[in-house]
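Residue numbering for the sequence shown follows UniProt numbering, beginning at 1 and increasing consecutively.
Just so it is clear, CB atoms sit at the ideal spot from N, CA and C, and this is done for glycine as well.
Here the structure comes first, spelled out in structure tokens, and everything after it is commentary.
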Amino acid sequence: MTPSFDIAVIGATGTVGETLVQILEERDFPIANLYLLASSESAGHSVPFRGKNIRVREVDEFDFAKAQLAFFAAGPAVTLSFAPRATAANCAVIDLSGALPSTQAPSVVPEANAKVLAGLRKPVQLSSPSASATALAVALAPLQELLDIQQVNLTACLAISSQGREAVSELARQTAELLNVRPMEPRFFDRQVAFNLLAQVGTVDAQGHALLEKRLVRELREVLGLPLLKISVTCIQAPVFFGDSYSVTLQSAADVDLAAVNAALDSGPGLELVDAGDYPTAVGDAVGQDVVYVGRVRTGVDDPAQLNLWLTSDNVRKGAALNAVQLAELLIKDLL
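Here it is as structure tokens:
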């Protein structure tokens with residue numbers, strides 16, 4: 001008989017947490033007991049799972065010795081508060097917040113660096129990278145054998161859902177008010193986001209870099225195993241509810257073999273290559289799907305060593321929840 005496991009999901013009422021529970025059910029993850037946990041404000045809500053509504057409990061009161069694996073799908077502060085308790089109770093941790101150092105919880109994308117798991121000891125601690133780093137790693141990993149990548153230039157058009165439920169509600173409210181020609185006062189954001197593009201996501205440091213941008217650089221280098229890779233990134237807030245899109249330029253040390261690149265992308269795990277002459281979009285293709293879509297594959301206008309790509313991916317599903325569940329599926333083989 002296939003063994004089953006006792007699983008905890010922290011942040012179960014959030015967008016990613018609810019999607020994570022949904023994917024656990026869809027993929028028939030071997031669960032004996034599922035514990036759904038959140039803050040005191042969200043405790044008492046229920047989340048559907050396998051035909052039942054499971055009541056959400058307060059994470060403060062949970063005994064992590066009851067679980068063999070805990071997904072942390074809340075913010076960094078929650079992970080820093082409760083992940084040590086989980087580890088002390090011999091409960092494995094998969095963190096989606098980016099709060100844990102890589103020396104403690106390496107960032108892993110199964111399609112790119114699953115080999116990292118071979119050197120881990122129980123109780124395992126892993127980081128599931130940001131949605132942007134996950135999507136980029138899935139797309140770039142199959143190209144590493146073809147290209148000596150010298151630099152990555154990236155513009156990330158991020159969906160509102162990357163900021164949580166409150167941001168989604170804010171976009172919906174702003175859109176409704178503007179369409180109905182009513183006065184619109186920004187609340188969650190400091191300015192209008194509906195029918196607009198915001199040049200940064202979150203606050204920036206003294207050098208002008210956002211926390212999410214620095215996290216993306218750090219995680220992508222780690223997952224690709226290229227600690228000195230030059231990465232230039234700008235994250236912009238797009239007025240899209242779900243689905244991130246990326247304009248990516250790779251600089252190679254030698255001329256790019258476009259036919260070989262297309263073949264690698266076409267066979268790469270977790271990728272869907274769109275035929276030349278067409279291109280994928282977040283709403284039309286990526287949302288609700290389990291792959292990263294790639295299109296507009298071309299060399300530079302006047303630089304044959306440059307490769308340009310357009311990517312789009314469901315940030316909540318593929319970029320966050322699914323990657324975490326895929327990690328858990330690897331762990332249950334011999335690390336739980």
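Asked, Found
"Quick check: the Cα distance between Glu18 and Ala12, rounded to an integer number of angstroms?", "6 Å"
"For the pair the stretch 105 to 117 and the stretch 206 to 226, tell me if three or more CB-CB distances fall below 8 Å.", "yes"
"Taking only three categories from DSSP, how would you classify Lys41?", "In the sequence as displayed, the identity of residue 41 is Glu instead of Lys. DSSP places Glu41 in coil when its eight states are reduced to three."
"What number of angstroms, rounded off, separates the C-alpha of Val108 from the C-alpha of Ser128?", "6 Å"
"Check whether the Cβ atoms of Gln174 and Ala206 sit closer than 7 Å, and answer yes or no.", "no"
"In chain order, what residues of the same chain lie with their CB nearer than 8 Å to the CB of Ile236, ignoring the 5 residues before and after it?", "Thr155, Ala156, Cys157, Leu158, Leu197, Leu198, Ala199, Gln200 and Val201"
"Below 7 Å between beta carbons: does that hold for Pro280 and Val287?", "no"
"Could you tell me the alpha carbon to alpha carbon distance between Leu140 and Ala276, rounded to whole angstroms?", "19 Å"
"Starting from the Cα of Leu120, find the closest Cα among Ala133, Ala105, Ser132 and Ser130 and give me that residue.", "Ala105"
"Any chance you could list the beta strand (DSSP E) runs of at least 3 consecutive residues sitting entirely within the stretch 31 to 81, in chain order?", "31 to 38, 46 to 49, 52 to 55 and 69 to 72"
"Could you name the residues of the same chain whose beta carbon sits closer than 6 Å to that of Ser245, not counting the 5 residues immediately before and after it, in chain order?", "Cys157, Ala282 and Thr312"
"Let me confirm a value: Lys318 is counted as buried when at least 16 other C-beta atoms fall within 10 Å, else exposed. Which label applies?", "buried"
"Could you check what DSSP says for Val109 in three-state terms: helix, strand or coil?", "coil"
"Which word fits Thr2, buried or exposed, when buried means at least 16 other C-beta atoms lie within 10 angstroms of its C-beta?", "exposed"
"Please state whether the Cβ-Cβ distance between Arg187 and Glu170 is less than 7 Å.", "yes"
"Answer yes or no: do Leu126 and Ala320 have a C-beta to C-beta separation smaller than 7 Å?", "no"
"So Glu58 and Ser40 are supposed to be a Cβ contact under 8 Å. How far apart are they, rounded?", "5 Å"
"In whole angstroms, what is the alpha-carbon distance linking Pro123 and Leu20?", "21 Å"
"For Val301, tell me which candidate among Val325, Arg182, Gln251 and Glu329 has the shortest Cα-Cα distance.", "Gln251"
"Could you tell me which residues DSSP puts in a beta bridge with Cys157?", "Ile236 and Ser245"
"With a Cβ-Cβ cutoff of 7 Å, do Gly270 and Val138 count as a contact?", "yes"
"Quick one: what's got a C-beta closer than 7 Å to Ala254's C-beta in the same chain, skipping five residues either side?", "Asp148 and Ala305"
"So, with DSSP's three-state summary, where would you put Leu323?", "Per the sequence presented here, residue 323 reads as Asn, with Leu not at that position. Asn323 falls in the helix class under three-state DSSP."
"What are the start and end residues of each continuous beta strand (DSSP E) run of 3 or more residues lying completely inside the stretch 264 to 299, in chain order?", "271 to 273 and 292 to 299"
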